[in-house]
Amino acid sequence: MAETARQIADDLRARISSGELTPGDRVPGEPALVREYGVAKETARRALTLLVDEGLAVRRRGSGTYVREFRPIPRVANKRLAEDGWGAGKSIWDADLGDRQYTVTDLQVYESEPPRQVAKLLELDESELVVVRSRRYVVEGEPVQRATSYLPARDVRESPITQENPGEGGIYGRLADLGLKPVRFTEELRARMPSQEESSLLALSAGTPVVEICRVAFTANGRPIEVNQMLLDAGVYVMRYHLES
Numbered sequence: 007m008a009e010t011a012r013q014i015a016d017d018l019r020a021r022i023s024s025g026e027l028t029p030g031d032r033v034p035g036e037p038a039l040v041r042e043y044g045v046a047k048e049t050a051r052r053a054l055t056l057l058v059d060e061g062l063a064v065r066r067r068g069s070g071t072y073v074r075e076f077r078p079i080p081r082v083a084n085k086r087l088a089e090d091g092w093g094a095g096k097s098i099w100d101a102d103l104g105d106r107q108y109t110v111t112d113l114q115v116y117e118s119e120p121p122r123q124v125a126k127l128l129e130l131d132e133s134e135l136v137v138v139r140s141r142r143y144v145v146e147g148e149p150v151q152r153a154t155s156y157l158p159a160r161d162v163r164e165s166p167i168t169q170e171n172p173g174e175g176g177i178y179g180r181l182a183d184l185g186l187k188p189v190r191f192t193e194e195l196r197a198r199m200p201s202q203e204e205s206s207l208l209a210l211s212a213g214t215p216v217v218e219i220c221r222v223a224f225t226a227n228g229r230p231i232e233v234n235q236m237l238l239d240a241g242v243y244v245m246r247y248h249l250e251s
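For the sequence shown, position 32 matches number 38 in the numbering used here, and the numbering has no gaps at all.
Here is the structure:
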């Protein structure tokens, strides 16, 4: 019985997980899969596309499909937002990456009218402005995330938050300096297909989805102080949560 593309992809994924196929190895190509599984060339192509879409493999034009060498990033929401990280002057990215290196590119800091949804989340009046911090994160040469933070301009206009480098502990550290320490966060996640512009921004392979996250930070008295809208390459992230009953 002919195997489906999903079954073939499952087999190839198992070979990757077991170490039979290691990072950088060439995945069996369409002709090899056609012979091994007795399927049509289109079915073999779909199986390889599934691996690429999942972020497990990459295509190299004129060469074939290879096991991706980039290690997934575990995004542990509970840990990365803990005060003992940013409160001690660390970047919240340290919780995700450990000793892996990252760079910030395309950084822009400016004042603007907020998008309608952002104004609603920050409970702002119509005429109020926000300070916008937009940036892209690149890990080991690969763009993995775009993040845009919005903060009420009336609260942060004269602070280091308006500078490219806000200092140790990032903007949460500076909010704490202003008496606006974030103590509670909410995050909403959804997966979707990217626009052409977003695919270009994150250098996504065709068919790769993104994860959209909207985080709101609250002060001790329940006031929303920051909205952060993030766009992640779904192929490089593992979402991890530590929960207690």
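Where a beta carbon is used, it is the ideal one built from N, C-alpha and C, also for glycine. Source: prediction; values computed, not measured.
Under the DSSP assignment, S205 falls in the alpha helix (DSSP H) whose first and last residues are Q202 to L207.
Measuring C-alpha to C-alpha distances from L207 to each of R196, Y178 and L237 identifies L237 as the nearest. Within the DSSP bridge table, the entry for D239 names V216 as partners. DSSP places I79 inside the beta strand (DSSP E), whose first and last residues are I79 to V82.
S211 places its beta carbon less than 8 Å from that of R65.
In the displayed model, E194 falls within a strand according to three-state DSSP.
In this structure, DSSP gives Y156 an extended state, which the three-state scheme calls strand. Restricting attention to D90, E117 and R141, the CA atom closest to the CA of T109 is found in R141. Here the stretch 222-239 makes contact with the stretch 147-157; the two share three or more CB pairs at distances below 8 Å. When rounded, the separation of the alpha-carbon atoms in K47 and G104 is 42 Å. Contact between the stretch 51-59 and the stretch 188-197 is not established, with fewer than three Cβ pairs separated by less than 8 Å. Non-local beta-carbon contacts of Q13 in its own chain, meaning distances under 7 Å to residues more than five positions away in sequence, are absent. In this structure, E148 places its C-beta atom within 8 Å of the C-beta atom of V242.
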